[in-house]
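*Asks:* Note that the sequence shown covers residues 1 to 665 in UniProt numbering. Cβ atoms here follow ideal geometry from the backbone N, Cα and C, with glycine treated the same way. Structure below; questions to follow.
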Amino acid sequence: MSNKEVKAALKSARDAIRNKEYKEALKHCKAVLKQEKTNYNAWVFIGLAAAELEQPDQAKGAYRKAIELEPNQLLAWQVRECSNSPISPKNVTMDLFVWNFLLSSGDKQKWCDVCNKLVELYHQEKKYLEVAETWQKLIQMKQEEGAEKAELHQLWKKMIQLLKDSTQNQDNKTEQSLLTAFEHAVNSADTVPSEDHQNLYKDFIQCLSKFPHEAARLEKACNDMMTLYPTVSYPLEVLCLHFIQSGTLSEEALHSFSRLLEMDASSGPGIIGFGIKCLQEKKYKEAVKSLTEGLQKTSQCPAAWHYLAEAQMKIHKHRDAVLSCNQALEALGTPEGPSLRWKNLILQLKAEALIKIADADAAEEAIRALEQIADANSDPVVLAIRGQAYLNKGLMEQASKISQELLLCHPDLAESHALEGFIHYSQKNYEQAERSFLNAIERKAETAEYHQYLGLTYWFMSDETKKDKGKALTQFLKAAKLDSYLGSVFCYLGNYYRDIAGDKSRARGCYKKAFELDGTDEESGTAAVGLSVELGDMDTALSILNEVTEKASPGTAKWAWLHRGLYYLRTDQPSQAVADLQAALRADPKDANCWESLGEAYLSRGSYSTALKSFRKASELNPALVYSIYRAASVEQILGKYKNAIATYQEILKKTEDYVPALKG
Numbered sequence: 001m002s003n004k005e006v007k008a009a010l011k012s013a014r015d016a017i018r019n020k021e022y023k024e025a026l027k028h029c030k031a032v033l034k035q036e037k038t039n040y041n042a043w044v045f046i047g048l049a050a051a052e053l054e055q056p057d058q059a060k061g062a063y064r065k066a067i068e069l070e071p072n073q074l075l076a077w078q079v080r081e082c083s084n085s086p087i088s089p090k091n092v093t094m095d096l097f098v099w100n101f102l103l104s105s106g107d108k109q110k111w112c113d114v115c116n117k118l119v120e121l122y123h124q125e126k127k128y129l130e131v132a133e134t135w136q137k138l139i140q141m142k143q144e145e146g147a148e149k150a151e152l153h154q155l156w157k158k159m160i161q162l163l164k165d166s167t168q169n170q171d172n173k174t175e176q177s178l179l180t181a182f183e184h185a186v187n188s189a190d191t192v193p194s195e196d197h198q199n200l201y202k203d204f205i206q207c208l209s210k211f212p213h214e215a216a217r218l219e220k221a222c223n224d225m226m227t228l229y230p231t232v233s234y235p236l237e238v239l240c241l242h243f244i245q246s247g248t249l250s251e252e253a254l255h256s257f258s259r260l261l262e263m264d265a266s267s268g269p270g271i272i273g274f275g276i277k278c279l280q281e282k283k284y285k286e287a288v289k290s291l292t293e294g295l296q297k298t299s300q301c302p303a304a305w306h307y308l309a310e311a312q313m314k315i316h317k318h319r320d321a322v323l324s325c326n327q328a329l330e331a332l333g334t335p336e337g338p339s340l341r342w343k344n345l346i347l348q349l350k351a352e353a354l355i356k357i358a359d360a361d362a363a364e365e366a367i368r369a370l371e372q373i374a375d376a377n378s379d380p381v382v383l384a385i386r387g388q389a390y391l392n393k394g395l396m397e398q399a400s401k402i403s404q405e406l407l408l409c410h411p412d413l414a415e416s417h418a419l420e421g422f423i424h425y426s427q428k429n430y431e432q433a434e435r436s437f438l439n440a441i442e443r444k445a446e447t448a449e450y451h452q453y454l455g456l457t458y459w460f461m462s463d464e465t466k467k468d469k470g471k472a473l474t475q476f477l478k479a480a481k482l483d484s485y486l487g488s489v490f491c492y493l494g495n496y497y498r499d500i501a502g503d504k505s506r507a508r509g510c511y512k513k514a515f516e517l518d519g520t521d522e523e524s525g526t527a528a529v530g531l532s533v534e535l536g537d538m539d540t541a542l543s544i545l546n547e548v549t550e551k552a553s554p555g556t557a558k559w560a561w562l563h564r565g566l567y568y569l570r571t572d573q574p575s576q577a578v579a580d581l582q583a584a585l586r587a588d589p590k591d592a593n594c595w596e597s598l599g600e601a602y603l604s605r606g607s608y609s610t611a612l613k614s615f616r617k618a619s620e621l622n623p624a625l626v627y628s629i630y631r632a633a634s635v636e637q638i639l640g641k642y643k644n645a646i647a648t649y650q651e652i653l654k655k656t657e658d659y660v661p662a663l664k665g
């Protein structure tokens, strides 16, 4: 093939490409290469045609061959540009190969154009490290040329835009490139302070907050922004959230919380920080209040939910603590790195709260929570909690096995002996339980629960230990001193003062305290009301009853409605008595005594028909209630139903011949 024929074949190939006849173009090019294997243009045209035919490997090989033949020739680039073929992932590998060659061509303008194009392709392929490295080369070249500060600033901002989507799955080099771009951008801005610069700083801080290992850098950025923008609360809020999430509350952290609240009293992180401070100072109710309020504003903070659960545990709001732990786990998502530590802490706290609820379902949920803790079997405290969960579920064999392992491997751990004590106590082996709880107290004397259970052990062991002031009473008092929110121990103190010491006034005070701490404790509430009545203090009794009934939802707090209803009945207030006794029956419609009392209230009010129905209902539920049968007969007599009344009186006398009211009726 002569030179003239080669040129004609190449022209035919070029025309075929323009007409999108790519296979025809390949035929012409291959004909040329049979004659001239080193024909640069033929290889370029093959590359272009192969790319359009979706044959990237062949295209890449053709371009490589062309570049090997003519390293300084830019025709490969020019032909690629003239093709008007859209950039697509299938062509990226080929394009990168050609454009990387052009980066070394020496033409700076062309170099910049190619660099931009190359970055665009890398970005499409989500190759963020290559984006960062290529763009930094461009900035370096611009710096060497003496580019203006404003131009460099825009280049750094462009780099931020290119890398901002990479924070979810980037390597450390890309991360550092992004943070470096932010640092250069915030430091190269012309107008400071300004709204644009402020927003750029916010973006920088927000980016840093995604990387737990950049704590020092985050603190510096927040402090620097606060210096430049002292009235803007954002950097201080991020800093406070960082301190909260880190779990280490230094003087600097506490100062930051106070400073933020001074700047913005409604700030969620600030209120949360104040709540944590209250928790540290053992002001548990204030801590719960502040943490709850703060989390209403800043809900996606797992550490804050954990602190709230911790505060709720301190005041024995165990069900609330479980809910807070669930919120913490939800906010945590799929944890890794430092977040995994929070997950383990939250799951352990949740299990502890569920164990305090002390029923089989809660125990099962506690076991499931403990199973999710990483390396749970290597932590003896977590194992002790698991043992308690098994015990609550009635799985004595599993609980005993864990107890034996802990005592063998961790004899100096208070929890090992406490678990053994709980097992003995549940089996009523009180002498063995006493030894176990004494051993636990010897190792951890500040745990109120151990003293409470030792007191309960003495309470049930014998009459002697129950009455011995140095036994049960002493341990209950120690428990109450160590934990002033432990309502159950105040209930037992009330039992001691009422049943053993005969001190009704002091007993009433203990019951009242127990009920104030736990509004669901009916035993303490009933005892406090009963003793108040015995002591002639109806104001206190009514105060307790009114507080309970005001908060009660329908179908609950039967004891309070019943007691207040009976009070109204005794004090000749039948309408109020009817309302309260009806409320008590909504909670327990099968209480015969309550129906009998309701009948009396209706009778006092003059509602004879409804009184009759109530007395009959009481006798249906409990045929042994002779008084209800008698009252039904007396109402029938009042209503003029004499035959029915006589029949009912006779029915009573068959069972109880000397029942005087029936004889009289």
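Pick from D518, L562, Y453: whose alpha carbon is nearest that of Y425?
*Replies:* Residue Y453 is the option with its Cα nearest to Y425.
*Asks:* For V533, name the three-state secondary structure that DSSP assigns.
*Replies:* Three-state DSSP puts V533 in a helix.
*Asks:* Would you kindly work out how many angstroms separate the C-alpha atoms of G61 and W111, rounded to a whole number?
*Replies:* Approximately 23 Å between the Cα atoms of the pair.
*Asks:* By a C-beta neighbour count over all protein chains shown, 10 Å radius and 16 as the cutoff for buried, is C409 buried or exposed?
*Replies:* Per the 10 Å Cβ criterion, exposed.
*Asks:* Helix, strand or coil for S12? Go by DSSP, reduced to three states.
*Replies:* Helix.
*Asks:* Quick one: measure Cβ to Cβ for G555 and A584, integer angstroms, because I've assumed they're closer than 8 Å.
*Replies:* In fact, because the Cβ distance is near 10 Å, the residues do not count as touching under 8 Å.
*Asks:* Ignore the nearest five residues each way along the sequence and tell me which others in V238's own chain have a CB closer than 7 Å to its CB.
*Replies:* Answer for V238: I205, S209, C222, listed in chain order.
*Asks:* Go through its chain and collect everything with a Cβ distance to M159's Cβ below 6 Å, but skip five positions before and after it.
*Replies:* Closer than 6 Å at the Cβ level, and outside the excluded window around M159, lie W135, A181.
*Asks:* Mind checking whether A418 and Y450 have CB atoms under 8 Å apart?
*Replies:* Taking 8 Å as the Cβ cut-off, A418 and Y450 qualify as a contacting pair.
*Asks:* For the alpha helix (DSSP H) containing K34, name the first residue and the last one.
*Replies:* That run of the alpha helix (DSSP H) goes 22-35.
*Asks:* Rounded to a whole number of angstroms, what is the C-alpha to C-alpha distance between A633 and N593?
*Replies:* Near 17 Å, if we compare the C-alpha coordinates of N593 and A633.
*Asks:* Using a Cβ-Cβ cut-off of 6 Å (strictly less than) and excluding sequence neighbours within five positions of Y122, which residues of its own chain qualify?
*Replies:* Closer than 6 Å at Cβ, skipping near neighbours: E130, V131.
*Asks:* Restricting to runs no shorter than 4 residues, where is the alpha helix (DSSP H) found entirely within the UniProt repeat "TPR" (592-625)?
*Replies:* List check, alpha helix (DSSP H) in window: 592-605, 608-621.
*Asks:* Using 8 Å as the threshold, is the C-beta distance between A303 and Q245 below it?
*Replies:* For A303 and Q245, yes; Cβs fall inside 8 Å.
*Asks:* What does the alpha-carbon distance come out to for the pair A215 and H242?
*Replies:* Rounded to whole angstroms, A215 to H242 spans 8 Å at the Cα level.
*Asks:* Could you tell me the alpha carbon to alpha carbon distance between G494 and K641, rounded to whole angstroms?
*Replies:* Going by the C-alpha atoms only, they are around 51 Å apart.
*Asks:* Which of helix, strand or coil does DSSP assign to E442?
*Replies:* Correct three-state label for E442: helix.
*Asks:* Could you give the distance in angstroms between the alpha-carbon of A9 and the alpha-carbon of A49?
*Replies:* Cα to Cα, A9 sits roughly 15 Å from A49.
*Asks:* Taking the alpha carbon of E125 as the point to measure from, which residue in I367, I139, Q109, D165 has its own alpha carbon closest?
*Replies:* Of I367, I139, Q109, D165, the residue nearest in Cα terms is D165.
*Asks:* For the alpha helix (DSSP H) holding A287, just list the boundary residues, first then last.
*Replies:* Unbroken alpha helix (DSSP H) run through A287: 284-297.
*Asks:* Whole angstroms is fine: what's the gap from residue 668's alpha carbon to H184's?
*Replies:* With the chain represented from 1 up to 665, any question about residue 668 goes unanswered, as that position is not in the structure.
*Asks:* In whole angstroms, give me the CA-to-CA distance for L653 and A645.
*Replies:* Taking the straight line from one Cα to the other gives about 12 Å.
*Asks:* For E442, does the count of other Cβ atoms within 10 angstroms reach 16, so buried, or fall short, so exposed?
*Replies:* So E442 ends up on the exposed side.
*Asks:* Please report the distance separating the alpha-carbon of V626 from that of V635.
*Replies:* Those two C-alpha atoms are separated by around 14 Å.
*Asks:* Can you give me the Cβ contacts of A16 inside the same chain, cut-off strictly under 6 Å, excluding the 5 residues immediately before and after it?
*Replies:* The residues are E24, A25.
*Asks:* Looking only at C-alpha atoms, which of Q109, F490, D518, A42 sits nearest to R508?
*Replies:* Cα-wise, what sits closest to R508 is F490.
*Asks:* Among S339, L407, D463, I385, which has the Cα closest to the Cα of N439?
*Replies:* Measuring from the Cα of N439, the nearest candidate turns out to be L407.
*Asks:* Work out the CA separation of R217 and P86 for me, nearest whole Å.
*Replies:* With a pLDDT of only 39 at P86, under the threshold of 50, the placement of this residue in the model should not be trusted; the figure read from the coordinates follows. Each residue's Cα considered, the two are about 42 Å apart.
*Asks:* Quick one: residues in its chain with C-beta nearer than 8 Å to the C-beta of W595, no 5 flanking neighbours on either side, listed in chain order?
*Replies:* So the qualifying residues of the chain are L585, S614, F615, K617, A618, L621, S628.
*Asks:* Short of 8 Å in beta carbon distance, which residues of its chain neighbour L340, apart from the five on each side in sequence? Order them along the chain.
*Replies:* The answer, listed in chain order, is A374.
*Asks:* Nearest-angstrom Cα distance between S416 and F422?
*Replies:* In a straight line, the C-alpha of S416 is about 10 Å away from that of F422.
*Asks:* Between E364 and I385, how many whole angstroms is the CB-CB distance? I'm expecting something under 8 Å.
*Replies:* About 14 Å separates the two Cβ atoms, so there is no contact after all.
*Asks:* Look at the Cβ atom of Y492, then the Cβ atom of F515, and state whether they are nearer than 8 Å.
*Replies:* Cβ atoms of Y492 and F515: not closer than 8 Å.
*Asks:* Check H410 in the structure and name its three-state DSSP category.
*Replies:* Three-state result, H410: coil.
*Asks:* Return the chain-ordered list of same chain residues with a C-beta closer than 7 Å to the C-beta of E310, the five sequence neighbours on each side being excluded.
*Replies:* L279, L349.
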